[in-house]
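Peer 1: Protein chains in written order, with our numbering: chain A, 11 to 349; chain B, 11 to 349; chain C, 11 to 349; chain D, 11 to 349.
My questions all concern the structure below.
4 protein chains.
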Amino acid sequence: MLVVMDVSATPEQIEQVVNVIEAKGCTARPIPGGDRVSIGVLNNAGPLDASLFIGLPGVKDAVPITKPYKLVSRETKADDTLIQVGDVVIGNGNLTLMAGPCAIESEDQALTIAGHVKKSGAHMFRGGAFKPRTSPYTFQGLGEAGLKILAKVRETTGMPVVTEVMDTQAFDLVEHYADMLQIGTRNMQNFSLLKRAGESFRPILLKRGLAATIEEWLMAAEYIMAQGNHQVVLCERGVRTFVHHSRNTLDLSAVPVVRKESHLPIIVDPSHAAGRRDQVLPLSRAAVAANAHGLMVEVHHQPEKALSDGAQSLYPEQFDILCRQVKAIFNVSGGQEPF
Amino acid sequence: MLVVMDVSATPEQIEQVVNVIEAKGCTARPIPGGDRVSIGVLNNAGPLDASLFIGLPGVKDAVPITKPYKLVSRETKADDTLIQVGDVVIGNGNLTLMAGPCAIESEDQALTIAGHVKKSGAHMFRGGAFKPRTSPYTFQGLGEAGLKILAKVRETTGMPVVTEVMDTQAFDLVEHYADMLQIGTRNMQNFSLLKRAGESFRPILLKRGLAATIEEWLMAAEYIMAQGNHQVVLCERGVRTFVHHSRNTLDLSAVPVVRKESHLPIIVDPSHAAGRRDQVLPLSRAAVAANAHGLMVEVHHQPEKALSDGAQSLYPEQFDILCRQVKAIFNVSGGQEPF
Amino acid sequence: MLVVMDVSATPEQIEQVVNVIEAKGCTARPIPGGDRVSIGVLNNAGPLDASLFIGLPGVKDAVPITKPYKLVSRETKADDTLIQVGDVVIGNGNLTLMAGPCAIESEDQALTIAGHVKKSGAHMFRGGAFKPRTSPYTFQGLGEAGLKILAKVRETTGMPVVTEVMDTQAFDLVEHYADMLQIGTRNMQNFSLLKRAGESFRPILLKRGLAATIEEWLMAAEYIMAQGNHQVVLCERGVRTFVHHSRNTLDLSAVPVVRKESHLPIIVDPSHAAGRRDQVLPLSRAAVAANAHGLMVEVHHQPEKALSDGAQSLYPEQFDILCRQVKAIFNVSGGQEPF
Amino acid sequence: MLVVMDVSATPEQIEQVVNVIEAKGCTARPIPGGDRVSIGVLNNAGPLDASLFIGLPGVKDAVPITKPYKLVSRETKADDTLIQVGDVVIGNGNLTLMAGPCAIESEDQALTIAGHVKKSGAHMFRGGAFKPRTSPYTFQGLGEAGLKILAKVRETTGMPVVTEVMDTQAFDLVEHYADMLQIGTRNMQNFSLLKRAGESFRPILLKRGLAATIEEWLMAAEYIMAQGNHQVVLCERGVRTFVHHSRNTLDLSAVPVVRKESHLPIIVDPSHAAGRRDQVLPLSRAAVAANAHGLMVEVHHQPEKALSDGAQSLYPEQFDILCRQVKAIFNVSGGQEPF
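Okay, structure coming up:
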């Protein structure tokens, strides 16, 4: 933290800032400049709140210098973290493809789609049993019946399954059936849910919030890790901007930034970012070219009959093309470090 | 819903869209235009998903025409809803002032601040017992001890109290102590929490999500009302934009829009929007001038020692000025209808 | 500027940063911290570019500390600047109301509207002769004929007139006819136009760009002032966000921030922010309550026949109500300083 | 355009809307729905303004259905447009690489960098002679001297050159020296400049505005084409969002959307999107994987001494790696159609 004083700040005002810093157990280091004084805050144990200083008389600004996260940081752990889900390993050196319908609708639907995506090269199966829906009047998922279908898919195809958990009440249940638990974009800062996830023995797929900075996203992962669960995979899925030609704006610069800041793997969900089928293939190729560790893609054999998000679901034959293209790109660019 | 076809759409493609519409139990009305056909969807019972059509061959776009909410809509209930909290009535004709610290830190702190804000004219007391914090390493609130202090404040001052409930586990507890329960910005689409709030006998203060459209916000209120609890107050608290001179950007056009679309009352929280003390007074005046039904303002007698959000907390004497100014503005502009 | 080094930065890397700083003629002051070194840059004559440091080996971040503007800054000139336009004075202590149609369409139209708004209390008349339009196929303004009508309005009513200048070619012409020249939101960073405006003898109304930070906006004003023209009025008119219930999102926190950072007056244009008539009155009241020095409002006696922007134009009788309400608010809150 | 009426709209109000439509020479087609009437507007010659209807009594909304652009639209011209610049052809089937420094600083600097990038595989050379700068106190470019250096680069290396033109005054000059003229992001809606570009015999590189929708961007291209110059290349360079880990947010979904909506080629500028060197390579790969027709990349042999934008400039050896990687990706994914 650097506290920047007004040009006209008095010695008493500087003194007051120093006192506040020292009262927090930190060291204050005033730095006289050309036209104003700034005061560095050193030796702070945890993150300091700029609000301690902004609003004090004579203070112009308070600028955070260090990052508030620890466990997620590459400065704490330099090596890439690899996450094991069943037989699948997510992380550097691998391209992990997760695919399946938005929602589990029936055993028949799930098994049909699972058969298709496995054949095309998917490593994991996705499908929602508990669905967060904007409207209380639309399909909310099959619940436990959906989880049982997911277990059946795993049994039949051998693919580990990932599904969303929406609240702490259903956590034990979802943890029982699924191989990996997803925390959705709307729950990225549902801190009670994050804490419960931190006590889980399952790996967690943590989606980025709709308007979350990377710092907030990594802090959400920090919540999980601070409880003891270090198996976290991050998932970029687009952020909300003024743009309306896609449902959200996929922020691919998040991939190199997260890979630089953190040792956790990061995958990309192009389906929710795009919100429409005809952007999913180019965005999938782009995500792999940007060095994502994997993709999560929605696929449905009858998207026009899907109970949710049909518009963004690929047909199985489209997913087949996607797999071939992204593997080819991964072969020529995967694992490359940015400069 | 209006489905817009490509200029080059074939009769078969139009036919397919009609079939999808009719399979949903709706009526399809093709509208031949100058250069392309559009197809109106009539008699839909609930909200239709554009995704049913986007991605079908020959379809250029699918444009929602009607709003997906019902219970919150002024088209369903024309008269303003008044919400009773203790002796306080929130809604048209009144200006309700809620004030207090970000977090309850001690009985002494709470009672001191409550005494100040009551004297200045506050009608309700606010204070957090369970605090959603970005970092797992910062103060998370006193929990039940904080709720007991809130009850003490009500007893001592007569002011009803409002506090945040973060999850369903603590719901019964918070419901027991507080007069009004707040659902915070990060939980606006925590649907499990919304459903529980819908079963509560307490009025709910529903904050707008950081990147929520008004439609999504009203749909969140619809979740609560659909469960039977019709006592919902909406709270605008700023949205996330590219702007960084304030923590969030207060969206005051939300006030006239919500008042036109819905019969529910809407208040404004200038403290969280601004994130810094020196913007709170002008934004408070602006919110009242824009016809908000009330304000929720953070006040602390020792903000530089506050355990959270000190930078945006007013000193009691500043809140006193605020009360006088906003009441004067309410007297000259309050209750005015926009054109 | 504070250059923050990696935890693992080597002495050689720190040395290289120091060399870059000194090569720019500045003083480097390394600040050893708990876990990393930061390097303060002192005695820089003008704004330094973070890009000098970001990307150097061992550098984690470069944080600007001081603002890049000088002439617009209140640190340079503490007293409020008052701007004289004809007999009207814009600035502290006054509420200046500018009103008129989006575009000048005919002498009859202009004089009719001017008569109405003057009677209601407007101090200045606005109207476009050169219109920036998104589509090349829509009405582009009357050009010089429009400017002549504006001059006629001034003659007839005594109100000074303000109109947009879109390019340097037409500058002399617009400067000849108008009392104040507006630089529109799309041209806020048209630096050639800003430089020409800096050589003008007329006061300039500088609208904020659609996605401009306050710093960029003040730097645009700095361009004008750096050429010698110190008569600049700033105009907040909404910024682009994800929100779509209004055309833009009016950022009223800009008012206290600009008033604190700069000595220049700031007015608000609620019409372009809202884009629809039914939000103009509440936003106008809010702007005045937030301490804007004035308003610029679109008024048309036949908005449904207007050649541009009819949806946001008030009827004369609505503007009459607006004037009475904002003056009442100004009387109870105007000129108040934020804390 | 579809005009949606209130549920409670009266027959007189519907009649008034019909009258407004017919007064514009269009056909009104009322569509009675389940609970409200909508009115389709047919046979409109050009774009209609929603503002004609919003604000009329009984009108709830006015929804544009057709796009306002013509010449840029693939519905007008189905085949991809190829743009010839010197010997280089930009458009489908080719990957065009443009590279060079942000600003031309000296003949030596330009020729050195040009030699490097040509060797690595660049097809065109970029470099600014007139520089739009946020601050009036920073380097503004060499002007005509810079243009002469660009001509020297073309002579020496055979690469066509592209450079920015900032205003109409300098247009003839820039047109004389450069092979392709760039209109920068801040000038995307500088309509006077667009019109002049429309009269040019040179191809135009039109950058997307910082907060421009795709519709606004295509309308800017329409301005150029409407004057007779059909040689337009679009350039995505990131948009402004709440994100601050990159300077702007690269919107790669713009690539498939523009390719579907328009016949014009689209390239990507990862350097200005990222604003920092370490994101340029991953974003370049991603852009090519998303099917962009080319890249424009900043390269400098001594970026720490660059007079502008050094932080985002690649070292020549980094650009060499970039060229090899993006060509490999183009070979496996280029020219692929999205679904």
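Glycine is no exception: its CB is placed at the ideal position from the N, C-alpha and C atoms.
#1: Could you tell me which whole beta strand (DSSP E) segments of length 3 or greater appear in the region 42-68 of chain A?
#2: Which runs of the alpha helix (DSSP H), 4 residues or longer, sit entirely within the region 274-335 of chain C?
#3: Cα separation between threonine 86(A) and alanine 264(B)?
#4: Establish whether the CB of asparagine 301(A) and some CB of chain D are separated by less than 9 Å.
#5: Could you tell me whether the region 234-249 of chain D touches the region 206-214 of chain D, where touching means 3 or more Cβ pairs closer than 8 Å?
#6: CA-CA distance, methionine 198(B) and glycine 219(B)?
#7: Taking lysine 128(A) as the reference, give the member of Ala284(A), Asn104(A), Leu105(A), Phe329(A) with the closest Cα.
#8: For serine 48(B), go through chain D and note every residue whose CB falls closer than 9 Å to its CB, in chain order.
#9: Based on the DSSP secondary-structure assignment, which residues constitute the bridge partners of glycine 168(D)?
#10: Return no unless some Cβ of chain B is closer than 9 Å to the Cβ of histidine 254(D).
#11: By a C-beta neighbour count over all protein chains shown, 10 Å radius and 16 as the cutoff for buried, is alanine 296(B) buried or exposed?
#12: Measuring CB to CB, does leucine 260(B) end up less than 9 Å from arginine 247(B)?
#13: Ordered along the chain, which non-local residues of its own chain (more than five positions away) have a Cβ less than 6 Å from that of threonine 167(D)?
#14: Of all the CB atoms in chain C, is at least one closer than 9 Å to the CB of isoleucine 234(B)?
#15: Name the one or two DSSP bridge partners that leucine 107(A) has.
#16: Quick check on serine 272(B) - is its C-beta less than 9 Å from some C-beta in chain D?
#17: List the whole-angstrom C-beta distance separating glutamate 314(B) from leucine 52(A), where the pair is believed to meet the contact cut-off of C-beta under 8 Å.
#18: Could you tell me whether the region 96-115 of chain B touches the region 307-323 of chain B, where touching means 3 or more Cβ pairs closer than 8 Å?
#19: Using a C-beta cutoff of 9 Å, does aspartate 330(A) count as contacting chain D?
#20: Glutamate 22(B): buried (16+ other C-beta within 10 angstroms of its C-beta) or exposed?
#21: For serine 18(D), which option in Asp182(B), Asp59(B), Ala88(B) has the closest C-alpha, if you only look at C-alpha atoms?
#22: Any beta carbon of chain D sitting closer than 9 Å to that of serine 210(B)?
#23: Taking only runs that begin and end inside the region 115-193 of chain D, name each unbroken alpha helix (DSSP H) of 4 or more residues, in chain order.
#24: What would DSSP say about leucine 236(A), mapped onto helix, strand or coil?
#25: Comparing C-alpha positions only, which one of Ala299(C), Asn54(C), Ile75(C), Val95(C) sits nearest to glycine 50(A)?
#26: What are the boundary residues of the alpha helix (DSSP H) that isoleucine 31(A) is part of?
#27: Along the beta strand (DSSP E) that carries leucine 12(A), what are the first and last residues, could you check?
#28: Would you report the Cα separation of glutamate 185(A) and threonine 173(A), rounded to the nearest angstrom?
#29: I'd like to know whether the C-beta atoms of methionine 169(C) and methionine 134(C) end up nearer to each other than 9 Å.
#30: Considering only residues of the same chain and omitting the five flanking positions on each side of glycine 320(C), which have a CB-CB separation below 7 Å?
#31: Along chain D, which residues have their Cβ under 8 Å away from the Cβ of threonine 251(B)?
#32: Which residues does DSSP pair with valine 268(D) in a beta bridge?
#33: Would you list the one or two residues that DSSP bridges to valine 73(D)?
#34: Which class does glutamate 85(A) belong to by DSSP, given the choice of helix, strand or coil?
#35: Nearest to methionine 235(B) by CA position, among Cys245(B), Leu204(B), Phe252(B), Val253(B), is which residue?
#36: Please report the Cβ distance between alanine 338(B) and valine 342(C), rounded to the nearest whole angstrom; I am assuming they are in contact, meaning their Cβ atoms lie under 8 Å.
Peer 2: According to the data block:
#1: 47-52
#2: If we require 4 residues or more, the alpha helix (DSSP H) runs fully inside the region 274-335 of chain C come out as 280-284, 290-299.
#3: 44 Å
#4: yes
#5: Judged by Cβ distances under 8 Å, the region 234-249 of chain D makes contact with the region 206-214 of chain D, as three or more pairs qualify.
#6: 5 Å
#7: Nearest C-alpha to lysine 128(A): Phe329(A).
#8: Leu12, Gly50, Ile75
#9: Beta-bridge pairing links glycine 168(D) to no other residue.
#10: Yes, histidine 254(D) counts as interfacial toward chain B.
#11: Looking at its Cβ environment, which holds 16 or more other Cβ atoms inside 10 Å, alanine 296(B) is buried.
#12: yes
#13: Ala124, Lys128
#14: Not a single CB atom of chain C sits nearer than 9 Å to the CB of isoleucine 234(B).
#15: Leu305(A)
#16: Cβ-Cβ to chain D under 9 Å: no for serine 272(B).
#17: Going by Cβ atoms, the distance from glutamate 314(B) to leucine 52(A) rounds to 20 Å, so no, they are not a contact pair.
#18: yes
#19: no
#20: exposed
#21: Ala88(B)
#22: no
#23: 117-130, 154-167, 181-187
#24: Per the sequence shown, residue 236(A) should be read as alanine rather than leucine. Residue state, collapsed to three classes: helix.
#25: Here the closest residue by C-alpha is Ile75(C).
#26: 21-33
#27: Where leucine 12(A) is concerned, the enclosing beta strand (DSSP E) starts and stops at 12-15.
#28: Each residue's alpha carbon lies about 10 Å from the other.
#29: Yes, these two residues count as a Cβ contact at 9 Å.
#30: His310, Pro313, Glu314
#31: Phe252
#32: Valine 268(D) pairs with nothing; no bridge assigned.
#33: Leu12(D)
#34: Here glutamate 85(A) carries a coil assignment [DSSP, helix/strand/coil].
#35: Leu204(B)
#36: 4 Å
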